[in-house]
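Data block below; observations after.
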Amino acid sequence: MTKCEELKFDLPLYLDGSLSSDLRSAIDSHLPECPLCRQKVSEFEGLSMGLKAVPRLAAPHDLIASIRASVATQLSPKHNAPMFQLIDQPKRWIDAWLLPSSIGAMATLLLGFTLLSFFFNSQPVPLSASSRPLTPSSTSVFLANNLDLSPDEYAGTRLAISGESPSINPRGALVALTRSLVRGEMRDDEVVVVADVFGNGLAQIAEVVEPSHDRRAIEELQKALQSDPAFAPFVPANMDNRSDSVRVIFKIQSVNVSTSSDAP
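Numbering (my numbering), first residue to last: 5 to 268.
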């Protein structure tokens with residue numbers, strides 16, 4: 005049996021409907037047996053109805069306006085627009101803008117003049133030392149018919165084609181080599197090489213296209229191409245009005261021609 009002491013704190017909440025179903029069932033079973041608890045419930049019910057009947061007081065309009073103004077003041081930003089503020093101490097415009105710009109412009113000009121002077125003063129690199137492939141000249145190199153001509157005289161007879169076909173030095177080591185090869189063991193044979201001719205008249209073999217049966221022919225040819233500049237195989241570039249490096253295909257061929265004729 006439920007005692008009144010156990011329900012005295014639950015009776016005020018009985019009318020609000022906020023009790024659990026178990027407590028509400030216990031109070032429902034206790035009220036018919038206890039007139040004291042029924043009286044308290046009746047008093048609580050009257051008090052609740054009295055409070056509901058009390059009219060609601062409205063706050064004065066001046067108080068509402070004052071509260072709204074205070075809230076609006078607290079919520080409004082301190083600055084109407086963003087402002088740019090310098091962190092460092094303010095400096096003169098000469099120190100802040102003119103000096104850095106002037107130093108940067110002078111450094112750029114100095115670097116530009118240095119690069120230009122390097123480009124104009126640098127020596128040209130021979131084409132044989134470059135990794136870029138060169139296009140061989142398709143014009144043949146002709147030997148001098150008259151070996152008594154001087155190098156500049158012979159180069160003067162070939163100015164029309166000397167830009168692509170370097171002129172052989174008629175008094176150089178290459179002419180002497182070709183004559184010795186033809187008179188030696190080279191019979192019905194030929195040598196074809198790709199060579200780079202430089203501005204001083206010397207040359208260098210870049211590729212052997214067709215070697216000779218005589219193994220010493222290529223070695224002797226390389227020595228003749230890189231001989232003493234006084235006996236350079238080709239005339240200097242200024243005599244031919246050509247560039248300082250030209251790639252040519254050089255061919256030495258020996259053909260036996262029979263001069264005897266059979267009697268009829």
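Beta carbons: idealized from backbone N, C-alpha and C, even for Gly.
With a threshold of 16 other beta carbon atoms within 10 Å, I256 meets it and is buried. Taking 9 angstroms as the cut-off, the Cβ atoms of D244 and R175 do not count as close. Only buried fits V201, as 16 or more other CB atoms lie within 10 angstroms of its CB.
If you look at Q208, you'll find it in the beta strand (DSSP E) that goes 207 to 214. Under the DSSP assignment, A30 falls in the alpha helix (DSSP H) whose first and last residues are 25 to 34. In this structure the region 53 to 61 does not lie against the region 24 to 33, because fewer than three pairs of beta carbons, one per stretch, are closer than 8 angstroms. Rounded to the nearest whole angstrom, the C-alpha separation of V250 and A159 is 16 angstroms. In this chain, the beta strand (DSSP E) harbouring A199 covers 193 to 202. Each residue's CA atom was taken as its position, placing L114 and R96 some 27 angstroms apart. In the structure shown, F254 adopts extended strand secondary structure according to DSSP, grouped into three states. Contact between I209 and V195 is absent: CB atoms are separated by about 10 angstroms, not below the 8 angstroms threshold.
Judged by DSSP in its simplified three-state form, S249 adopts strand.
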